[in-house]
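Just so you know, the sequence shown maps onto residues 11 to 65 in this note's numbering.
C-beta atoms are modelled at their ideal positions from N, C-alpha and C, and glycine is treated no differently.
Right, one structure below, let's go through it.
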Amino acid sequence: MYTSKNQGCSSGKRWFKAGRAVEILLLLTVTFLLLNLITSFIMNRINAAVQFTER
Numbered sequence: 011m012y013t014s015k016n017q018g019c020s021s022g023k024r025w026f027k028a029g030r031a032v033e034i035l036l037l038l039t040v041t042f043l044l045l046n047l048i049t050s051f052i053m054n055r056i057n058a059a060v061q062f063t064e065r
């Protein structure tokens, strides 16, 4: 138990860097997913409009 606690203290800065990288990765993933969602929604609207004009 004491050794694990000591390791946690020694790798504090390294873990901060890793946390920072994970944060950026999550941000990029969320942005990508949002863009995907918006694009698909716009494509659906365009598709519906085209089908409506074809009728």
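Under the three-state DSSP convention, the category residue i falls into
i, result
"Arg30", "helix"
"Arg55", "helix"
Rounded separation between residue i and residue j - CA only
i, j, result
"Asn57", "Thr39", "27 angstroms"
"Val60", "Asn46", "21 angstroms"
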